[in-house]
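Residue numbers (my numbering): 6 to 455.
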């Protein structure tokens with residue numbers, strides 16, 4: 006089966022998020038992630054999780070590696086987490102690339118992967134009867150990945166091609182600039198795909214690639230999540246058989262902490278072809294496990310969602326804005342509260358920017374009405390619950406929670422806190438985080454033709 010990669014940019018999820026319809030388990034007071042979870046750990050640190058789901062004959066087999074671009078601490082060597090998303094499909098002695106693909110094709114399986122700032126995820130959807138084959142295939146490539154220098158250089162050039170494709174859109178340079186301006190120390194300073202100079206130099210870093218793989222692709226850094234028609238005891242037996250002698254790693258790194266920002270950072274960009282002007286604003290906020298996360302999410306919806314006064318004014322009534330999105334990032338380390346706007350004309354940008362600042366200032370002074378907050382809380386629960394429609398989406402949600410917040414339980418904990426947010430909490434977080442000295446503002450305009 007042919008593999009295609011997917012780099013997840015910081016606000017890509019928000020750009021393509023679709024609202025979901027209500028289902029029973031979204032009701033307040035009930036666990037939003039209601040599925041039974043069984044978990045075991047092997048002596049080598051590998052965690053194995055099974056989640057029964059009503060999908061007769063089908064299972065989703067996910068492996069989450071708690072390594073993303075966040076872990077790329079050495080100068081000049083960004084982009085390797087995403088690079089291994091590619092290389093992991095290169096094959097082993099037992100299952101070379103073509104044989105691996107042929108086995109999956111014969112099973113009618115779907116296999117792919119994606120990389121984020123915080124983790125890398127490998128996933129396949131297979132017949133339940135093929136579980137033993139999946140365990141053997143995945144254990145083999147995680148333990149015995151094999152590639153030579155020509156293979157490495159070929160794939161690194163493919164990564165450069167992917168970078169160039171992404172750079173054909175203004176959103177990559179926007180995200181790169183925001184990261185570089187907002188972060189001066191932490192590795193979130195570079196995006197998931199890495200600095201362009203590092204990607205260009207990647208073909209020369211064959212030896213380092215072996216170091217990166219040996220450091221991070223270790224059992225204690227991985228979790229297997231299987232969702233669907235699965236028997237936990239059988240899964241655990243298979244995993245012990247194929248992964249049990251995989252050795253723990255012997256090295257790690259220290260991720261540098263980002264100091265508090267003490268002044269506003271700003272950058273203005275020019276785009277060489279016609280495009281609508283874009284405004285991207287980021288405010289530093291805590292990591293995904295912080296208690297303020299739900300209140301920040303409620304501010305994003307209340308201030309910038311489709312039912313907000315600002316959206317109705319700028320997007321619907323005055324039509325000065327073509328798109329308006331806001332979200333607090335859920336990151337393993339402190340991230341950003343993002344506001345992304347595409348204005349219809351360059352002359353609207355300054356006014357729109359000031360409207361955003363004023364809206365956040367008001368959020369720090371005037372509480373939202375209890376009825377409006379209740380509607381936001383209900384929408385958030387329905388939206389998330391509506392995504393849990395199959396074994397693949399359940400596995401993906403579980404893996405994200407494990408990688409970013411440390412456990413699947415954090416899903417229910419987060420939405421339980423969300424239901425307990427009160428209007429005063431929104432005022433408090435707005436006054437705490439939405440200060441001028443805590444923000445970074447990036448604007449992008451099309452270059453004026455002579």
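The beta carbon of each residue, even a glycine, is placed where N, CA and C say it ideally should be. Quantities reported herein were computed from a predicted structural model and do not represent experimental measurements.
Euclidean distance between Cα positions of residue i and residue j
{"i": "residue 393", "j": "residue 278", "result": "40 Å"}
{"i": "residue 199", "j": "residue 189", "result": "15 Å"}
{"i": "residue 86", "j": "residue 197", "result": "8 Å"}
{"i": "residue 448", "j": "residue 368", "result": "23 Å"}
{"i": "residue 70", "j": "residue 266", "result": "30 Å"}
{"i": "residue 140", "j": "residue 399", "result": "19 Å"}
{"i": "residue 162", "j": "residue 183", "result": "26 Å"}
{"i": "residue 258", "j": "residue 78", "result": "7 Å"}
{"i": "residue 95", "j": "residue 146", "result": "9 Å"}
{"i": "residue 403", "j": "residue 453", "result": "47 Å"}
{"i": "residue 439", "j": "residue 366", "result": "7 Å"}
{"i": "residue 256", "j": "residue 148", "result": "17 Å"}
{"i": "residue 215", "j": "residue 203", "result": "16 Å"}
{"i": "residue 232", "j": "residue 143", "result": "16 Å"}
{"i": "residue 35", "j": "residue 245", "result": "35 Å"}
{"i": "residue 535", "j": "residue 120", "result": "Residue 535 lies beyond the residue range present for the chain, which begins at 6 and ends at 455; the question has no answer from this structure."}
{"i": "residue 90", "j": "residue 45", "result": "26 Å"}
{"i": "residue 293", "j": "residue 426", "result": "16 Å"}
{"i": "residue 26", "j": "residue 388", "result": "With a pLDDT of only 32 at residue 26, under the threshold of 50, the placement of this residue in the model should not be trusted; the figure read from the coordinates follows. Rounded to whole angstroms, residue 26 to residue 388 spans 7 Å at the Cα level."}
{"i": "residue 114", "j": "residue 280", "result": "40 Å"}
{"i": "residue 274", "j": "residue 321", "result": "27 Å"}
{"i": "residue 50", "j": "residue 250", "result": "11 Å"}
{"i": "residue 33", "j": "residue 424", "result": "Only weak support exists for where residue 33 lies, its pLDDT of 48 falling under 50; the coordinates are left without a value."}
{"i": "residue 212", "j": "residue 65", "result": "34 Å"}
{"i": "residue 326", "j": "residue 346", "result": "7 Å"}
{"i": "residue 151", "j": "residue 319", "result": "54 Å"}
{"i": "residue 515", "j": "residue 324", "result": "An answer regarding residue 515 cannot be provided, because it is not within the stretch 6 to 455 covered by the chain."}
{"i": "residue 414", "j": "residue 352", "result": "47 Å"}
{"i": "residue 291", "j": "residue 335", "result": "9 Å"}
{"i": "residue 177", "j": "residue 168", "result": "9 Å"}
{"i": "residue 431", "j": "residue 305", "result": "10 Å"}
{"i": "residue 100", "j": "residue 93", "result": "12 Å"}
{"i": "residue 300", "j": "residue 264", "result": "23 Å"}
{"i": "residue 272", "j": "residue 446", "result": "7 Å"}
{"i": "residue 157", "j": "residue 210", "result": "9 Å"}
{"i": "residue 405", "j": "residue 41", "result": "17 Å"}
{"i": "residue 38", "j": "residue 173", "result": "38 Å"}
{"i": "residue 111", "j": "residue 201", "result": "38 Å"}
{"i": "residue 262", "j": "residue 134", "result": "46 Å"}
Counterpart residues of residue i in DSSP-defined beta bridges
{"i": "residue 451", "result": "276"}
{"i": "residue 244", "result": "The partner list for residue 244 (beta bridge, DSSP) is empty, contrary to what the question assumes."}
{"i": "residue 348", "result": "326"}
{"i": "residue 342", "result": "288, 333"}
{"i": "residue 3", "result": "This structure cannot settle anything about residue 3, because the visible part of the chain is limited to 6 through 455."}
{"i": "residue 126", "result": "69, 119"}
{"i": "residue 52", "result": "46, 228"}
{"i": "residue 270", "result": "445"}
{"i": "residue 283", "result": "347, 449"}
{"i": "residue 131", "result": "64"}
{"i": "residue 57", "result": "233"}
{"i": "residue 310", "result": "Paired residue(s): none; residue 310 is not in a bridge."}
{"i": "residue 96", "result": "101"}
Integer-rounded CB distance, given that residue j should sit under 8 Å from residue i
{"i": "residue 333", "j": "residue 289", "result": "Contact doesn't hold; Cβ gap of about 11 Å is too wide."}
{"i": "residue 221", "j": "residue 450", "result": "Contact doesn't hold; Cβ gap of about 40 Å is too wide."}
{"i": "residue 53", "j": "residue 241", "result": "6 Å"}
{"i": "residue 63", "j": "residue 125", "result": "No, residue 63 and residue 125 are not in contact; Cβ-Cβ is about 24 Å, not under 8 Å."}
{"i": "residue 354", "j": "residue 282", "result": "5 Å"}
{"i": "residue 223", "j": "residue 268", "result": "That pair is no contact at about 41 Å."}
{"i": "residue 287", "j": "residue 341", "result": "4 Å"}
{"i": "residue 226", "j": "residue 68", "result": "With 8 Å as the limit, residue 226 and residue 68 do not qualify as a contact, their Cβ atoms being about 11 Å apart."}
{"i": "residue 270", "j": "residue 137", "result": "That pair is no contact at about 53 Å."}
Residue-chain proximity (residue i, chain D), Cβ-Cβ < 8 Å
{"i": "residue 78", "result": "The question asks about chain D, but that chain is absent: this structure has only one protein chain."}
Any non-hydrogen atom of the ligand MN closer than 7 Å to residue i Cβ
{"i": "residue 194", "result": "Ligands displayed in this structure: none; no statement on the ligand MN is therefore possible."}
Determine contact between the stretch 47–63 and the stretch 88–105, defined as no fewer than three beta-carbon pairs at a distance below 8 Å.
no
I'd like to know if the stretch 414–428 and the stretch 373–383 are in contact, where contact means that at least 3 CB-CB pairs between them fall below 8 Å.
yes
Does the stretch 350–366 come close enough to the stretch 313–330 to have 3 or more Cβ pairs within less than 8 Å?
yes
Length at least 4, wholly inside the stretch 357–441: the alpha helix (DSSP H) runs in chain order:
375–390, 396–410, 414–424, 428–438
Hey, which unbroken runs of the alpha helix (DSSP H) at 4 residues or more fall wholly within the stretch 186–220?
201–206
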